[in-house]
Amino acid sequence: MSLMVGTHVASFGAYYAILLCFLSGAIELLLGLLNLGFLINFISVPVTSGFTSAAAVTIALSQLKGILGLGKYVDSNDFLETMEQIFMNIKHSSLWDIILGVVCCIILLFLRKLREWDITRFLQRPRLQLILGRFIWLMSTAGNALIVLFCAALAYGISDPDHPEKIPFKLTGHVKGGLPPVRPPPFSIPGNGTEPGKDFGEMINDLGSSIIIIPFIAILESIAIAKAFSHGKPIDASQEMIALGLCNLVGSFFCSMPVTGSFSRTAVNAASGVKTPAGGLVTGALVLLALALFTQYFYYIPKATLSAVIICAVIFMFEYDELIRIWKSKKLDVLPWLGTFLSCLLVGLEYGILFGAGLNVFLLLLEVAKPRISVQKRQMGEHEYMLVRPRGDLTFPATEEVRTTISKNANQHPGVPIIVDLDRITNADFTSAKAMGAMGRDLAEQGRELVFVHVGKGTRDVLDAGMHGHFKDFHTIREWIHETRPTDPTSACKGDDSARTHSEGDTYVPRF
């Protein structure tokens with residue numbers, strides 16, 4: 071998000087970031103009020119898991135520069151560029167930053183593991199168990215804050231006020247304090263002596279498609295992060311849109327850029343034990359308090375410590391175990407996972423999740439367009455017929471596949487009536503009905519029958535209206551034989567139109 075907004079700021083100035091924040095908030099709020107959150111349901115678990123894993127890798131790599139002390143040599147947020155810059159400048163690494171970062175990682179991982187320690191195996195007295203349990207809970211939960219405070223105090227203690235540059239660690243440095251002014255977002259830019267001003271229309275023209283893309287990506291990222299940390303609980307996407315829209319609308323009056331969910335901050339919150347939205351109130355209050363009073367104390371926080379906190383929070387979000395379960399469940403679902411993961415690494419998280427969602431929808435449509443169809447040559451008594459059983463909806467994407475399969479097998483069995491069993495079809499549309507009607511006319515010209523059995527009421531109405539008099543349906547195959555064929559006393563005991571097994575010589579067309 072920051073990279074996309076940064077391109078407009080670099081080209082046109084900070085006014086555009088604030089206006090973009092206002093417009094993004096308005097669009098997000100409108101989508102939420104229109105209850106369009108169902109659109110986010112097209113983001114499947116493989117896409118979310120791939121995005122989460124790619125975000126974990128990207129964020130961990132971006133923070134590696136802090137542990138190596140390469141902050142001034144690595145200025146890219148792109149995965150490949152960051153890797154290249156790190157390897158090109160590895161010789162400039164700071165030993166003290168590496169030591170501090172590694173030690174912080176070890177301590178944080180130990181505190182995380184400490185939560186799993188069963189103290190009842192070593193202590194028998196309940197009171198000691200209670201006291202030690204609370205102490206362990208406090209240390210593991212507040213570990214991120216404690217490690218930052220301790221390292222800041224360490225840096226302050228070893229610093230020389232007369233020569234602050236001699237401290238062995240790379241520090242956060244000066245942070246500008248104070249709260250932003252409260253004023254409406256800029257709907258025009260006043261001119262000056264060197265550059266002409268711009269009105270609202272010109273600013274909108276400069277922003278271009280970003281007015282649509284940025285709020286859409288903000289929604290996708292926010293929902294994807296929410297799904298990643300929801301542990302399977304349902305997400306109200308419309309409510310998330312409303313909340314995100316209000317945040318951006320209000321933020322634009324405080325000179326904010328467009329905001330969305332932050333994976334790294336959410337991971338740190340989750341690692342710190344935050345369970346409810348009240349954590350946002352605490353975070354917001356502390357940020358305001360820090361901006362107003364404590365920014366001068368941020369100077370001594372080592373960058374390696376902050377990087378260690380973020381890395382230890384995100385490394386556990388690489389969902390390799392989810393990938394294994396996806397592979398065991400349905401191998402085709404690995405494609406959206408890999409597509410999302412690789413595209414997020416190669417072209418960025420914002421575009422990667424769009425690609426993953428698009429790939430997932432494409433595979434979904436492909437399954438609709440390539441339904442599973444079984445074709446069997448059957449015989450009941452002395453009557454032969456070709457039984458066709460499509461699975462799934464008989465809608466326009468699948469029409470050509472069904473028609474081609476029936477025509478191909480009809481040519482292989484000339485003169486044999488064709489019976490289409492719609493027992494597993496729950497939906498049909500006019501396009502498929504019209505195609506079935508055209509095929510029925512073609513077969514009728516050849517002196518052959520096209521018959522439908524086990525047709526549901528809704529499907530029957532659609533086919534009857536769309537096939538223009540060429541729709542013939544019966545409840546069962548036996549009924550078709552009794553009503554259209556000469557009576558055969560042996561047919562009652564030969565064959566079974568309810569059988570679902572394949573016979574020798576059957577053709578089976580699998581779904582992709």
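Quick note on this note's numbering: the sequence shown kicks off at 71 and runs consecutively.
Each residue gets a CB set at the ideal place from its N, CA and C atoms; glycine is no exception.
Please go through the same chain and pick out, in chain order, the residues whose beta-carbon is closer than 7 Å to the beta-carbon of G243, but skip the five residues on each side of it.
Y369
Heavy atom of the ligand SAM less than 7 Å from the Cβ of I201, yes or no?
With respect to the ligand SAM, the structure shown offers nothing to examine, as it has no ligands at all.
Can you name, in chain order, every residue of its own chain whose Cβ lies under 6 Å from the Cβ of E392, other than the five neighbours on each side?
S119
List the endpoints of the continuous alpha helix (DSSP H) containing I281.
280-298
In or out: P559 buried (at least 16 other Cβ within 10 Å) or exposed?
At P559 the pLDDT is 49, less than 50, meaning the model places this residue with poor confidence; the figure from the coordinates comes in the next sentence. Exposed.
Apart from the five residues just before and just after I371, which ones in its own chain have a Cβ nearer than 8 Å to its Cβ?
V218, C221, A222, A225, L241, T242
Give me, in chain order, the residues of the same chain whose beta-carbon lies closer than 7 Å to that of I237; leave out the 5 immediate sequence neighbours on both sides.
A225, I228, S229
Nearest residue (CA-CA) to H545, options E553, R395, F500:
E553
Excluding the 5 residues flanking K504 on each side, which residues of the same chain have their C-beta closer than 6 Å to its C-beta?
G536
Label M158 either buried or exposed according to how many other C-beta atoms from any shown protein chain fall within 10 Å of its C-beta, with 16 as the threshold for buried.
exposed
Contact check, F388 vs G409, beta carbons under 8 Å:
no
I547 versus T496 - alpha carbon distance
19 Å
When you compare the CB positions of S258 and G267, do they come within less than 8 Å of one another, or not?
yes
Could you tell me which of V127, M153, L402 sits nearest to L412, measuring between CA atoms?
V127
Touch check for the segment 354-361 and the segment 275-294: three-plus C-beta pairs under 8 Å?
no
Helix, strand or coil at R459 [DSSP, three-state]:
strand
Helix, strand or coil for R570 per DSSP?
Bear in mind that a pLDDT of 41 at R570, under 50, signals an unreliable position, so the number given afterwards is only what the model happens to contain. Reduced to three states, the DSSP call for R570 is coil.
Along the chain, where does the beta strand (DSSP E) that runs through L520 open and close?
520-523
Buried or exposed by the 16-neighbour rule on C-beta atoms within 10 Å, applied to K135:
buried
Where do the ends of the beta strand (DSSP E) carrying R448 lie?
443-450
Measure the alpha-carbon distance for I137 versus F466 and round it to whole angstroms.
56 Å
Quick one: what's A498 bridged to in DSSP?
L464
Is the beta carbon of S292 sitting closer than 8 Å to the one on T330?
yes
Identify every run of the alpha helix (DSSP H) within the segment 353-427, keeping only runs that are complete inside it and at least 4 residues long; order them along the chain.
373-384, 390-399, 404-417
By Cβ distance below 8 Å, which residues in the same chain neighbour W166 in space, the five residues on each side in sequence not counted?
G139, P238, F239
Pair every Cβ in the segment 307-314 with every Cβ in the segment 102-122, then say whether three or more of these pairs are closer than 8 Å.
yes
Nearest neighbour of R335, chosen from F299, A360, L208, M327 [CA to CA]:
F299
Cα-Cα separation, R395 to L198:
41 Å
Status (buried if at least 16 other CB within 10 Å, exposed otherwise) for N339
buried
Buried versus exposed call for I380 [16 or more other C-beta atoms within 10 Å across all chains shown]
buried
What does a CB cutoff of less than 8 Å around A383 pick up in its chain, not counting 5 residues either side in sequence?
N214, S334, A337, V338, A340, A341
If you follow the beta strand (DSSP E) that I489 is in, where does it begin and where does it stop?
488-491
Going by beta carbon distance, what residues of the same chain come within less than 6 Å of V532, once the five residues before and after it are set aside?
A498, A503
On the three-state DSSP scale, how would you describe S561?
With a pLDDT of 46 at S561, under the threshold of 50, the modelled position of this residue cannot be trusted; read the value that follows with caution. Residue state, collapsed to three classes: helix.
Where does L241 sit, in a helix, a strand or coil, going by DSSP?
strand
Could you spell out where the alpha helix (DSSP H) holding F205 opens and where it closes?
196-211
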